[in-house]
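**Student:** So that we are looking at the same thing, I have put the structure below in C-alpha cells.
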Amino acid sequence: MVFCFAYPSDLEQAYAFYCARYKDIEWNDFLKLGISSFMMKFNSMPESEPLYTIIKSRSMRTSEIKDKDEKRYWNKLKRINRIPDEYFSSKEILLDLSRVAKENKL
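What follows is the structure in C-alpha cells.
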C-alpha cells in the first residue's frame with residue numbers, strides 16, 4: 010500500500026474515508042487517533058472507496074496489463090495520484106508537526 014501521512018491530500022482523503030465509514034469526528038480529533046486503531050480500520054478499506062483506488066493506482070504495475078485501454082486508464086490515475094517528489098528531512102517534519110500542534114493546541 011502506498012499511502013503518505015505527510016502528504017496533505019492523502020491525509021484529507023483518509024479523514025473523509027474515516028468520517029464516512031466510521032464516525033464523523035473533528036479534524037483535530039482525527040489527528041489524535043492512535044496509529045494502530047487507525048490502521049486497523051484503514052486496512053479493512055473496501056475496494057469501493059475512492060482512497061483505495063488512489064492507493065492501488067500508485068502501486069499498480071501497468072507494464073503487466075495487456076489491455077491497452079485499461080493500461081491507459083491506470084497510467085493516467087498513476088500520474089494524477091502521484092505523491093510529489095518533495096523531500097523533507099525528519100527534522101523538518103518534526104518541526105512542522107510541532108508547529109501545527111502548538112497552533113491547534115494538541
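Quick note: to get the numbering used here, add 9 to the position in the sequence shown (first position is 1). Glycine included, each C-beta is placed from N, C-alpha and C at the ideal position. Here the structure is a predicted model, which is why all the values come from computation and not from measurement.
1. So, isoleucine 92 versus cysteine 13, is the Cβ gap smaller than 8 Å?
2. Skipping 5 residues on each side, what residues in its chain have a beta carbon closer than 6 Å to that of aspartate 19?
3. So isoleucine 89 packs on tryptophan 83, CB below 8 Å; how close in whole Å?
4. With distances taken from CA atoms, which of Ser57, Pro59, Leu60, Lys85 is nearest arginine 70?
5. Are tyrosine 27 and lysine 50 touching if we call contact CB-CB under 8 Å?
6. Taking Cβ to Cβ, would you say arginine 67 is nearer than 8 Å to lysine 87?
7. So, for glutamine 22: in the same chain, excluding its five sequence neighbours on each side, which residues have a beta-carbon less than 8 Å away from its beta-carbon?
8. What residue does the alpha helix (DSSP H) around alanine 25 start on, and which one ends it?
9. Does the separation of the CB atoms of phenylalanine 39 and tyrosine 24 fall below 8 Å?
**Tutor:** According to the structure shown:
1. yes
2. Phe12, Cys13
3. Actually they do not touch by this definition, with Cβ atoms about 11 Å apart.
4. Lys85
5. Less than 8 Å divides the Cβ of tyrosine 27 from the Cβ of lysine 50.
6. For the 8 Å CB-CB criterion, arginine 67 and lysine 87 form a contact.
7. Pro59, Leu60, Ile63
8. 17-30
9. yes
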